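Residue numbers (full-length UniProt numbering): 1 to 390.
We put the beta carbon where it would ideally sit given N, CA and C, even for glycine.
It should be emphasised that the depicted structure is a prediction, and the values quoted were computed from it without experimental measurement.
First the structure, in the form of structure tokens, and then the observations on it.
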Amino acid sequence: HSISELYTQVTQYLGMKPMSHEYKVMGMAPYAKKEYAKKTYDVFKKYFRLNTDSMCFENVSGHWKWQYLGKFQKDLQGHRFDNIASAIQTLFEEIITEWAKNCIIKTGIKNVVLSGGSFMNVKANNLILNLPEVENLFIFPSCGDESLAIGAALVKYLELKPDGEIEPLGPIYFGTEFSDDEIEKVLQKFSGLIVKKMENIEDFIAQELANGKVIGRFAGRMEFGARALGNRSILADPRNRDVIKKINEAIKNRDFWMPFAPSILEERADDYIVNPKGFYAPYMIMAFPTKTKAHSDLLAGLHPYDLTCRPQIVRKEWNPKYYRLLKKFEELTGVGGVLNTSFNLHGEPIVCSPKDALETFIHSSLDALALGNFYITKNPKFPLPLRKWQ
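Structure follows, in structure tokens:
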């Protein structure tokens with residue numbers, strides 16, 4: 001009896017893919033007016049509640065979860081899609097924050113750790129953060145089943161070593177990395193590309209971003225989890241909202257209501273986001289209200305309607321090369337962040353290897369690809385570069 005299961009059923013009812021597109025429902029929710037969504041909220045409120053004695057979620061609808069769709073057909077007749085999205089998001093936020101608050105009261109523990117798919121809901125995460133009862137909050141950045149394995153390992157570690165210390169997670173660039181020699185071997189299998197090797201490629205990328213280019217960046221070790229954190233990312237200047245259309249036409253084909261997100265220099269975060277508890281947000285796992293300066297500097301990286309953002313706060317020690325890129329962009333433009341979205345074609349996984357990056361680049365309309373220390377553009381004489389193994 002999970003509130004997330006109800007959310008998933010609503011996702012399917014709205015014609016989206018369950019267990020995958022819940023984030024699209026969350027992204028749609030702000031567009032509805034609360035007073036219009038109230039009628040739909042009252043319907044959902046009859047389905048679900050939190051038992052504050054057991055701290056368990058209770059389905060009080062009288063139906064099994066697989067019967068929800070039929071119930072929706074009856075109960076939500078004539079309800080607009082945006083009101084439905086807003087209503088389920090509001091109910092989710094209310095129940096999950098009440099659950100977190102009551103758990104703190106019952107246990108007396110004010111240091112909170114969250115994990116699991118429910119906590120990919122970045123809007124609800126911010127509400128939990130700002131509960132007065134919460135002193136410290138950590139949200140595991142990859143919230144799928146892999147978090148269970150990591151949690152189990154930590155439990156066993158403390159069983160074997162009760163006095164052991166658990167190190168903070170830190171940067172999560174745990175994936176594969178490729179040398180320039182390895183990249184060059186892959187490049188030799190492609191033709192129709194203009195390739196330049198550079199010593200200070202981050203500075204050049206920043207200059208090209210400031211000139212309006214949209215660039216795929218493949219550098220260093222791949223990120224662990226669902227978020228691209230600069231090393232397998234598509235980057236753009238966030239000041240002009242027109243870049244959203246350009247990115248969508250070039251590669252992403254994202255739904256029109258969905259936001260992109262920014263990477264922000266750590267020392268500039270206070271200029272842009274409302275974060276009274278000073279929560280460090282390096283993993284794109286929480287949404288924040290934004291300040292006026294963000295509405296000009298980071299406009300394309302904000303939610304189009306409510307102007308919240310889901311930032312990656314970039315610390316120099318965690319990713320020196322990406323930090324250098326952002327710092328150079330700041331030097332050129334005065335803006336302390338860039339638009340960052342995952343480097344993949346719509347519906348495809350994030351690129352993992354140089355071959356993935358090149359295949360994705362040639363099947364998109366990105367302006368350039370920064371592949372290690374190689375800056376790659378398409379030769380206008382070759383509309384579609386050729387892969388020599390085909």
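C-alpha gap between Val112 and His21, whole angstroms: 27 Å
Backbone secondary structure at Gln312 - three-state DSSP: strand
8 Å contact criterion, which Leu325 and Met284 should meet: CB distance rounded: Their Cβ separation, rounded to whole angstroms, is 17 Å, which puts Leu325 and Met284 out of contact at 8 Å.
Segment contact, 8 Å Cβ cut-off, at least three pairs: the segment 189 to 198 with the segment 310 to 329: no
Which listed residue (Ser4, Tyr31, Leu91) has its alpha carbon closest to that of Asn256: Note that residue 256 is Phe in the sequence shown, not Asn. Considering only alpha carbons, the answer is Tyr31.
Cys103, DSSP secondary structure in three states: helix
Own chain residues within Cβ distance below 8 Å of Glu58, not counting five before or after: His1, Phe48, Arg49, Leu50, Asn51
CB of Ile251 within 8 Å of CB of Leu366, strictly: It is a contact, given that the beta carbons lie within the stated cut-off.
Boundaries (first-last residue) of the alpha helix (DSSP H) holding Ala294: 292 to 297
Segments assigned beta strand (DSSP E), at least 3 residues, entirely inside the segment 17 to 98: Whole beta strand (DSSP E) segments, 3+ residues: 48 to 51, 56 to 59.
Bridge partners - Pro262, DSSP secondary structure assignment: Pro262 pairs with Leu339.
As assigned by DSSP and simplified to three states, the class of Ala281: coil
Test item: CB-CB of Glu223 and Arg217 under 8 Å: no
Rounded separation between Met286 and Lys381 - CA only: 44 Å
Any 3 or more C-beta pairs closer than 8 Å across the segment 173 to 188 and the segment 348 to 368: yes
Identity of the residue in Leu131, Phe140, Leu137, Val10 nearest His79 by Cα: Comparing Cα-Cα distances from His79 to each of Leu131, Phe140, Leu137, Val10, the minimum goes to Val10.
Other residues of its chain near Asn275: CB distance less than 8 Å, five sequence neighbours each side excluded: Ala269, Ala281, Phe288
Inter-residue spacing [alpha-carbon to alpha-carbon] between Ile104 and Pro320: Distance from the CA atom of Ile104 to the CA atom of Pro320, rounded to whole angstroms, is 37 Å.
Segment contact flag, the segment 91 to 98 with the segment 120 to 131, C-beta cutoff 8 Å, min 3 pairs: yes
C-beta atoms of Arg241 and Ala300 nearer than 8 Å: yes
Backbone secondary structure at Leu209 - three-state DSSP: helix
The alpha helix (DSSP H) enclosing Ile3, as first and last residue numbers: 3 to 13
Separation of His346 from Asn253, as counted between CA atoms: 6 Å
Boundaries (first-last residue) of the alpha helix (DSSP H) holding Val186: 180 to 187
Residues near Ala294 by beta carbon distance below 6 Å, same chain, minus five either side: Tyr272
Straight-line Cα distance separating Ile264 from Asp237: 12 Å
Cβ neighbours of Lys17 in the same chain (closer than 8 Å, five flanking residues each side left out): Thr11
Endpoints, alpha helix (DSSP H) assigned at Leu137: Leu137 -> not in any alpha helix (DSSP H); beta strand (DSSP E) instead, spanning 136 to 139.
Phe361 - containing alpha helix (DSSP H), residue span: 354 to 362
For Gly117 and Gly225, the rounded distance between their alpha carbons: If you take the alpha carbons of Gly225 and Gly117, they lie about 12 Å apart.
Distance, Met55 Cα to Asp180 Cα: 53 Å
Tyr305 - DSSP class collapsed to helix/strand/coil: coil
Phe256 - DSSP class collapsed to helix/strand/coil: coil
Neighbourhood of Val195 by C-beta, 7 Å cutoff - its chain only, sequence neighbours within 5 removed: Leu187, Phe374, Ile376
Assigned secondary structure, Thr333 (DSSP; H/G/I helix, E/B strand, else coil): helix
Short Cβ contact (8 Å threshold) for residue 395 with Lys33: Only positions 1 to 390 of the chain appear in the structure, and residue 395 is not among them; the question remains open.
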